[in-house]
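Take 1 as the starting number for the sequence shown in full-length UniProt numbering and just add one per residue. Here the structure comes first, spelled out in structure tokens, and everything after it is commentary.
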Amino acid sequence: MFKTNKKGFTLIELLVVIAIIGILASIVLASLNSARRKSRDARRVADLGQLRLANELYFDSNRSYPGGATMAALTQNLVTDTDCSGATCIASVPADPLNSGANVYGYQGITAAEAACGAASPAVGCTSYVLKAVLEENNVTILGNDVDGTVVGVTCTDSATDFFYCIRP
């Protein structure tokens, strides 16, 4: 008699396709989050490299590294003051990509006796410094080449959850 021609997909077929798309989307999002963390870590390492160069410019002009124990003191010396042969050492001090909570950069000027330097501008007797960033990923290549331990009160020892990237001249 009458032949019914069924066109379309059944409910089961549609649910299977939606489930597969959902699984694929979650895999892609997980990969993107990891790539974002790695990208922010690479920027942190590059930012500390820029600060290292600015500190060396400051040292060349003043025969001492900037004093102080905060990024505000470092900003004062490198950006605001004209301590680099009559000019600023760097246009602006870079901020951590997240720039909140534990994700801020750290700085400490250090004397020859491995003590904290004062914040005088230019600081007298600052023969070294330590710059610190908190990484999001346990990157063995990067963390294997940094300073570890406690440096004049600055914790640079990595733990199971905290990955501290510290550099000195």
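Ideal placement from N, C-alpha and C gives every residue a C-beta, glycine not left out. In this text, all values refer to a predicted model and were calculated from it rather than measured experimentally.
Q | A54 vs C89 beta-carbon contact at 7 Å | A | Position 54 of the sequence shown, counting from 1, holds the residue named residue 54. Position 89 of the sequence shown, counting from 1, holds the residue named residue 89. In this structure, A54 lies near C89, with their beta-carbon atoms less than 7 Å apart.
Q) Which residue's Cα is closest to the Cα of V147: N139, R168, T127 and F163? A) Taking the first residue of the sequence shown as 1, we reach residue 147 at position 147. Minimum Cα distance to V147 is reached at R168.
(Q) In whole angstroms, give me the CA-to-CA distance for G149 and V79. (A) On the sequence shown, position 149 is the one that residue 149 refers to. On the sequence shown, position 79 is the one that residue 79 refers to. G149 and V79 have their C-alpha atoms spaced approximately 29 Å apart.
Q: Take the Cβ of I110 as the centre, count every other Cβ of all protein chains shown within 10 Å, and call the residue buried at 16 or more, exposed below.
A: Against the sequence shown, residue 110 aligns to sequence position 110. Around the beta-carbon of I110, 16 or more other beta-carbon atoms lie within 10 Å, marking it buried.
Q. CA-CA distance, T65 and A91?
A. Here the question's residue 65 lines up with position 65 in the sequence shown. Here the question's residue 91 lines up with position 91 in the sequence shown. The sequence given here places Tyr at residue 65; Thr does not occur at that position. Y65 and A91 have their C-alpha atoms some 18 Å from each other.
Q) Which residues mark the beginning and the end of the alpha helix (DSSP H) in which F59 is found? A) Indexing the sequence shown from 1 puts residue 59 at position 59. In this chain, the alpha helix (DSSP H) harbouring F59 covers L11 to N62.
Q.
Using CA atoms only, rank isn't needed, just tell me which of N145, V152 and N103 is closest to C117.
A. Your numbering for residue 117 matches position 117 in the sequence shown. Nearest option by C-alpha distance: V152.
(Q) Considering only their Cβ atoms, is the gap separating D158 from L143 smaller than 7 Å? (A) Sequence index remark: in the sequence shown, residue 143 carries index 143 (1-based). Sequence index remark: in the sequence shown, residue 158 carries index 158 (1-based). In this structure, D158 lies closer than 7 Å to L143 by Cβ.
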